[in-house]
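S.K.: Numbering (the numbering used here), first residue to last: 895 to 1112. Please find one structure pasted underneath; my questions will follow.
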């Protein structure tokens, strides 16, 4: 088909469907291919908004580009882009392009920003612990039942998070046992977890105690 630029609107491209595409199904497929065709720009980035911001420390105004969609690798390859100022909230994309350590830092930043927006003051070390658990295997894993929580050795700890009945049922089929050594499972059954002062076990010898008491009475 023929392709031409509209005389009224220079941003409008007109594509004429070939006569051989008289069949409505062929014409529809041709249209779908055209709509997916990337003419200019970066793949997966649908829209860009220019936003003015102000530095809280210096008061200096500057502009940032906010995108709908993300393509970190392609953006970093664009001439004139400062890679130190590029940000994305696509954690898996950061892992693929920059590695697991960069993904861990992004997790910490995103979790902390979300908590701050809700007015929650959570110690950074708690956030870092969550990020470490999600990335310690070398890949980013979800924190839920399909990731970190689902891999816990304790039956009760797995059941305490989600799908309680299924976890207990599956564990009974496999004949699993719970050693009750973690915090969660000890709290569930109402006893102190074996950590800190509760980790110490004191054994008493009644015979020696009686002997010492008698000696003290003399």
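The beta carbon of each residue, even a glycine, is placed where N, CA and C say it ideally should be. It should be emphasised that the depicted structure is a prediction, and the values quoted were computed from it without experimental measurement.
#1: Go ahead and label residue 1120 buried or exposed: buried means 16 or more other beta carbons lie within 10 angstroms of its beta carbon, across all protein chains shown.
#2: With burial defined as no fewer than 16 other Cβ atoms inside 10 Å of the residue's Cβ, what is the status of residue 988: buried or exposed?
#3: Given 8 angstroms as the limit, is there contact between the segment 1023–1033 and the segment 996–1004, that is, 3 or more CB pairs closer than that?
#4: When you compare only the Cα positions, how much space is there between residue 937 and residue 968?
#5: Can you pull the DSSP bridge partners for residue 941?
#6: Roughly how many angstroms separate the alpha carbons of residue 1057 and residue 1036, rounded to a whole number?
#7: Taking the alpha-carbon positions, what's the residue 1095 to residue 1016 distance?
#8: If distances are taken between C-alpha atoms only, which option among 1053, 1075 and 1074 comes closest to residue 1065?
#9: So the candidates are 1100, 934 and 1013; which of them puts its Cα closest to the Cα of residue 905?
#10: Identify whether residue 954 lies in helix, strand or coil by the three-state DSSP scheme.
#11: Using only the alpha-carbon positions, how far apart do residue 1051 and residue 1103 sit?
#12: Taking only three categories from DSSP, how would you classify residue 972?
#13: For residue 958, count neighbouring C-beta atoms within 10 Å of its own C-beta (all shown protein chains included) and say buried if the count is 16 or more, exposed if not.
#14: So, for residue 1046: in the same chain, excluding its five sequence neighbours on each side, which residues have a beta-carbon less than 6 angstroms away from its beta-carbon?
#15: Using DSSP with H/G/I as helix, E/B as strand and the rest coil, what is residue 1043?
#16: Mapping the DSSP letters down to three states, classify residue 1024 as helix, strand or coil.
#17: Secondary structure at residue 1003, three-state DSSP: helix, strand or coil?
#18: Going straight from the alpha carbon of residue 1091 to that of residue 953, what length do you get?
M.R.: Let me lay it out:
#1: The question about residue 1120 has no answer, for the chain in this structure spans 895 to 1112.
#2: buried
#3: yes
#4: 8 angstroms
#5: 962
#6: 16 angstroms
#7: 33 angstroms
#8: 1053
#9: 934
#10: coil
#11: 40 angstroms
#12: coil
#13: exposed
#14: 1052
#15: helix
#16: helix
#17: helix
#18: 51 angstroms
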